[in-house]
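Participant: For what it's worth, my numbering labels the leading residue of the sequence shown as 49, then goes sequentially. A virtual CB, placed ideally from N, CA and C, is assigned to each residue, including glycine. Source: prediction; values computed, not measured. Please find one structure pasted underneath; my questions will follow.
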Amino acid sequence: MNNILRWMLIVIGLVALITGVNVILGGSASVPGASSAASAVHDNEMRFFAVYWVGFGIFSFWVSRDLESRMGFIPALAAFFFLGGVARLVSIMLVGFPSAPLIGSNKQDSLNKKKHLGFFALNFTVKIFHRGVGSRCRNLLFLYE
49 MNNILRWMLI VIGLVALITG VNVILGGSAS VPGASSAASA VHDNEMRFFA VYWVGFGIFS
109 FWVSRDLESR MGFIPALAAF FFLGGVARLV SIMLVGFPSA PLIGSNKQDS LNKKKHLGFF
169 ALNFTVKIFH RGVGSRCRNL LFLYE
């Protein structure tokens with residue numbers, strides 16, 4: 049199991065590192081499906097947050113190198129990755145689906161997808177908090193007390 053987790057961290061770290069450096073160097077125009085005429089504000093924000101994505105990738109590599117002694121960082125990495133997914137779901141529900149290369153599908157029937165994804169996200173979140181995972185996630189915020 050540790051070997052699978054180690055490889056998952058390496059793959060996530062590699063993807064974060066490659067895509068983060070791509071956005072730092074190429075700006076918002078380097079994102080698949082993005083318009084090359086992005087505003088300066090959008091480009092600036094994308095490059096700024098790409099640094100944190102690169103940091104996430106480096107941190108994932110660091111944890112994977114000595115998994116046994118750094119296992120305590122896994123819940124925090126997973127929580128941040130999960131929250132990033134929640135942020136993407138919020139974006140899908142409020143703005144719509146991104147371009148096909150980012151989600152691996154086309155934009156047809158996006159209204160039905162929004163309804164289903166919104167319901168799925170709400171149902172999933174309620175189940176998580178109902179089963180007590182929410183209290184464990186909240187405990188992550190108090191690690192330094």
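Taking TRP55 as the reference, which of GLY105, SER78, ALA82 and ALA98 has the closest Cα?
Facilitator: Mapped onto the sequence shown, residue 55 falls at position 7. Looking at the Cα atoms, GLY105 is the closest of the given residues.
Participant: So, with DSSP's three-state summary, where would you put ALA86?
Facilitator: Along the sequence shown, read from residue 1 onward, the residue named residue 86 stands at position 38. DSSP places ALA86 in coil when its eight states are reduced to three.
Participant: Identify whether ASP114 lies in helix, strand or coil by the three-state DSSP scheme.
Facilitator: Here the question's residue 114 lines up with position 66 in the sequence shown. Coil.
Participant: I believe LEU53 touches SER108 by the beta-carbon criterion, under 8 Å. Please report the beta-carbon distance rounded to the nearest angstrom.
Facilitator: By one-based count along the sequence shown, residue 53 stands at place 5. By one-based count along the sequence shown, residue 108 stands at place 60. About 11 Å separates the two Cβ atoms, so there is no contact after all.
Participant: Say whether the stretch 112 to 128 touches the stretch 75 to 92, bearing in mind that this needs 3 or more beta-carbon pairs closer than 8 Å, one atom from each stretch.
Facilitator: Because the criterion of three Cβ pairs below 8 Å is not met, the stretch 112 to 128 and the stretch 75 to 92 do not touch.
Participant: What residue range does the alpha helix (DSSP H) around VAL134 cover?
Facilitator: Numbered from its first residue, the sequence shown carries residue 134 at position 86. 122 to 142 is the span of the alpha helix (DSSP H), which, as asked, contains VAL134.
Participant: Straight-line CA distance for VAL102 to VAL69?
Facilitator: Position 54 of the sequence shown, counting from 1, holds the residue named residue 102. Position 21 of the sequence shown, counting from 1, holds the residue named residue 69. Spanning the two alpha carbons is a distance of roughly 7 Å.
Participant: Which two residues bound the contiguous alpha helix (DSSP H) that contains GLY81?
Facilitator: Counting from one through the sequence shown, the residue named residue 81 turns up at place 33. That residue, GLY81, is in no alpha helix (DSSP H); it is neither H nor E in DSSP.
Participant: Excluding sequence positions up to five away, which residues of its chain have a Cβ less than 6 Å from the Cβ of PHE130?
Facilitator: Along the sequence shown, read from residue 1 onward, the residue named residue 130 stands at position 82. For PHE130, where only same-chain residues beyond five positions count, there are no Cβ hits under 6 Å.
Participant: Can you check which of these residues, ASN92, ARG95 and TRP110, is closest to LEU62 by C-alpha distance?
Facilitator: The residue you call residue 62 lines up with position 14 of the sequence shown. It is TRP110 whose Cα lies nearest to the Cα of LEU62.
Participant: Taking the Cβ atom as the reference point for each residue, do ALA98 and VAL71 lie within a distance shorter than 8 Å?
Facilitator: By 1-based counting over the sequence shown, the position of residue 98 is 50. By 1-based counting over the sequence shown, the position of residue 71 is 23. A contact, by the Cβ cut-off of 8 Å.
Participant: For PHE145, name the three-state secondary structure that DSSP assigns.
Facilitator: Residue numbering aside, residue 145 sits at position 97 when the sequence shown is read from its first letter. Coil, per DSSP.
Participant: Skipping 5 residues on each side, what residues in its chain have a beta carbon closer than 8 Å to that of ARG118?
Facilitator: Within the sequence shown, residue 118 is the residue found at index 70, counting from 1. Cβ neighbours of ARG118 beyond the five flanking positions: TRP110 and VAL111.
Participant: Using a 10 Å radius around the Cβ and a threshold of 16 neighbouring Cβ atoms, would you call VAL79 buried or exposed?
Facilitator: Residue numbering aside, residue 79 sits at position 31 when the sequence shown is read from its first letter. It is buried - the Cβ of VAL79 has at least 16 other Cβ atoms within 10 Å.
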